[in-house]
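The opening position of the sequence shown corresponds to residue 155 in the numbering used here, with each subsequent residue numbered one higher.
Here is the structure we will look at, set down as C-alpha cells.
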Amino acid sequence: MMSAGHAQQIEILFYVVGLLLFVIFGVIILNFWRRSRGPSQALPHEAKKEMPLPTEPTVEEEREAVLAHVDSTGQIVSDLEAPSVDLKEALRKTEENLFGRIRSLFKTDSGKAHLEEIEEILYTSDLGPTTVQRLMAALEDKLSKKERADYDTVRAALKEEIKNIFAGSHSGSPDQGILAKIKLADSGPTVLMIVGVNGAGKTTSIGKISSQLASQGKKVLVAAGDTFRAAAGGQLKVWTDRAQVEIFSPEGVTDPSAVAFDAVAKGKAQNYDVVIVDTAGRLHTQANLMEEIKKMKRVMAKVIPEAPHETLIVLDANSGQNALMQAKEFHNALTLTGAVLTKMDGTAKGGVAVGLAQELQIPIKLIGVGERIQDLRTFSSQEFVDSLFQ
C-alpha cells in the first residue's frame with residue numbers, strides 16, 4: 155500500500171507536468187494567434203523589437219533594379235537617359251583621399267621633405283604594402299633632397315612610377331569594346347568563368363558583359379552556375395532577358411560543376427560565340443567551396459581543353475585591401491586571367507587598382523563607373539593615371 159508521503163509526491167509531480175503542458179500549449183497557441191493577426195496588427199510591446207535582418211532581393215525586386223535606376227533627385231531614369239560618367243569625376247574621391255592629403259602636407263609646411271608622412275598616407279590609401287614600398291623607393295632613389303621638398307616634383311615622380319606599374323598588359327583605350335579585352339578561342343565558343351564574393355556586382359557585371367557582346371553580334375549563352383543561392387538564377391534571368399541572350403539553367407540540377415559542363419557542351423554543339431559561366435558568390439576563406447569552384451574549372455576543360463579561356467574576378471573597389479585579399483586567394487586557387495573592378499564611381503579606394511597591378515600583376519580588364527550598361531567599360535591605364543592625377 156502506498157504511503158501518504160509517496161501519494162503526495164506523485165500528486166505534486168502531476169501538478170508540475172500539467173503546468174508544463176499548459177505553458178507549452180499556451181506558447182504554441184499564442185504564436186499561432188500572432189501570425190494570424192499579421193505584422194500590421196502586432197502587439198504594442200512588439201513594436202520595440204529590432205527589425206529582422208534584410209533578406210535577399212526577390213526576382214521582382216531585382217527586375218526593378220535592373221530595368222530602372224534612380225538618380226540623385228529621386229527620379230527613375232533609363233539607361234539611355236542616365237548621365238554619362240566621366241572617369242575623372244568617378245575618381246575624384248580617390249584623388250582627394252590620396253593626393254589631396256599629400257598636397258596638404260606641402261601647403262602647411264612648404265620647403266620640407268615629408269617622406270614619412272607620405273608613406274603613411276600611401277599605406278592608408280589601399281595601395282598595398284608592396285606597392286607602397288616601390289613608390290617610396292622611387293622617391294628616395296630618383297629625387298634629390300631638394301626635389302623631395304617640392305610637391306610638383308614628388309607628384310610627377312609618383313605619377314611616373316604608377317605608369318610603370320601599369321605598363322604592359324594594362325594598356326588599352328577606353329573606347330575599345332569589351333571584345334578587345336577578351337582572349338578569344340581559336341575555334342568554337344570562348345568560355346568566360348566569372349568568380350567573386352556576393353555583393354561585388356558579379357551578376358550585374360555578367361548582365362552588362364553579355365548585353366554588350368550581344369550588341370556586337372555575338373551569340374551568347376549564360377550558365378547559371380550559382381546553384382547555392384535560391385534567387386541567383388532568377389536575378390540572372392532578368393539580366394539575360396534584357397540583354398536578349400540565352401540562359402542555361404536546368405531545373406533540378408544543383409551541382410554547379412554539372413551546370414558548367416553541360417553549358418560548355420551546349421555552347422560547343424550549338425555554335426555559340428561566347429559562354430559565360432556564373433559561379434556562387436563565396437567567401438575566399440571557405441575552403442570547401444573554393445574546392446568546388448576549382449572542380450567547375452576542371453570539368454569545363456573536359457569539353458574544351460583550353461576552357462575557360464578567361465577566368466575573371468569581380469571586385470568591389472570600395473572593399474580596398476579586402477579586395478586585394480580576395481584576389482590573392484582566388485588567384486592561388488584558379489590562376490585568374492583578369493579582374494573587373496566595379497563601383498569605381500564615388501569610391502575613395504580606387505587605389506586598389508594600382509595594388510592589383512603591382513602585387514598580383516593581374517590585368518584589369520574592365521571597370522564599372524556607373525549604372526548604365528555601357529558604364530562597364532574597358533580599362534585604360536593611361537586614362538586611369540591621368541584621371542587619378544587630375
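Cβ coordinates follow ideal geometry from the N, Cα and C atoms, glycine included.
Asked: Relative to the C-alpha of K519, which candidate in E525, F533, D529, K448 has its C-alpha closest?; Found: F533
Asked: By a C-beta neighbour count over all protein chains shown, 10 Å radius and 16 as the cutoff for buried, is L167 buried or exposed?; Found: exposed
Asked: Under 8 Å, Cβ to Cβ, is there at least one residue of chain C near S258?; Found: The chain labelled as chain C is not found in the depicted structure, where only one protein chain is given.
Asked: Along the chain, where does the alpha helix (DSSP H) that runs through M454 open and close?; Found: 441 to 457
Asked: Do D427 and T575 count as a contact pair if the criterion is CB distance below 8 Å?; Found: In the structure as shown, the chain begins at 155 and stops at 544. Residue 575 is therefore absent and cannot be evaluated.
Asked: Suppose you measure from the CA of T227 to the CA of N472; what does that come to, to the nearest Å?; Found: Residue confidence for T227 is low, a pLDDT of 38 falling below 50, so the modelled location carries little weight; the figure read from the coordinates is stated next. Between T227 and N472, the C-alpha separation is close to 23 Å.
Asked: Once DSSP output is grouped into helix, strand and coil, what is the label at E547?; Found: Residue 547 lies beyond the residue range present for the chain, which begins at 155 and ends at 544; the question has no answer from this structure.
Asked: Can you list, in chain order, the residues of its chain whose CB lies under 6 Å from that of H616, leaving out five sequence neighbours each side?; Found: Residue 616 lies beyond the range of the chain shown here (155 to 544); nothing can be said about it.
Asked: Checking 8 Å against the spacing of the C-beta atoms, do G361 and A397 come in under that value?; Found: yes
Asked: Just checking my contact of G435 with G492 at CB under 8 Å: how many whole Å lie between their CB atoms?; Found: At roughly 18 Å, the Cβ-Cβ gap does not stay under 8 Å, so G435 and G492 are not in contact.
Asked: At a cut of 8 Å, does the stretch 455 to 463 reach the stretch 492 to 507 through at least three beta carbon pairs?; Found: no
Asked: For a minimum of 3 consecutive residues, which ranges assigned as the beta strand (DSSP E) are wholly contained in the stretch 457 to 531?; Found: 464 to 470, 492 to 496, 518 to 522
Asked: Give me the Cα-Cα distance between Q424 and E314, rounded to the nearest whole angstrom.; Found: 49 Å
Asked: State the CB to CB distance for the pair A502 and T248, rounded to an integer number of angstroms; the pair is presumed to be in contact (CB under 8 Å).; Found: 6 Å
Asked: Determine, using beta carbons only, whether A511 and I319 come nearer to each other than 8 Å.; Found: yes
Asked: CA-CA distance, R257 and Y305?; Found: 7 Å
Asked: Contact between the stretch 473 to 483 and the stretch 287 to 297: three or more CB pairs below 8 Å?; Found: no
Asked: If you draw a straight line from the alpha carbon of S341 to that of K422, how long is it in whole angstroms?; Found: 10 Å
Asked: Which residue marks the beginning of the beta strand (DSSP E) containing D432, and which one marks its end?; Found: 428 to 432
Asked: Hey, which unbroken runs of the beta strand (DSSP E) at 3 residues or more fall wholly within the stretch 346 to 405?; Found: 374 to 377, 400 to 402
Asked: Look up T285 in the DSSP assignment and say whether it is helix, strand or coil.; Found: helix
Asked: Would you identify the three-state DSSP class for T307, choosing helix, strand or coil?; Found: helix
Asked: For F412 and V453, I'd like the C-alpha separation in whole angstroms.; Found: According to the sequence as given, residue 412 is Ala; it is not Phe. Going by the C-alpha atoms only, they are around 8 Å apart.
Asked: Which residues in the same chain as F543 place their Cβ atom closer than 6 Å to its Cβ, once the five residues preceding and following it in sequence are excluded?; Found: K313
Asked: Residues in the same chain with beta-carbon distance under 6 Å from H515, minus the five sequence neighbours each way, listed in chain order, please.; Found: A quick correction: the sequence has Gln, not His, at residue 515. Nothing listed; no residue qualifies.
Asked: Identify which residue in L297, K372, I183, V506 has its Cα closest to the Cα of L478.; Found: V506
Asked: Report the residue from Q370, L390, F382 whose alpha carbon sits nearest the alpha carbon of V376.; Found: L390
Asked: Specify, as a first and last residue, the run of the alpha helix (DSSP H) that A423 falls within.; Found: 410 to 423
Asked: Mapping the DSSP letters down to three states, classify T278 as helix, strand or coil.; Found: coil
Asked: How many whole angstroms separate the CB atoms of V523 and D499, which I take to be in contact at a CB cut-off of 8 Å?; Found: 5 Å
Asked: Could you round the C-beta distance between I332 and Q366 to whole angstroms and report it? I think they count as a contact, below 8 Å.; Found: 5 Å
Asked: Looking at D115: is its Cβ nearer than 8 Å to the Cβ of I316?; Found: No answer is possible for residue 115: it lies beyond the span of the chain, which begins at 155 and ends at 544.
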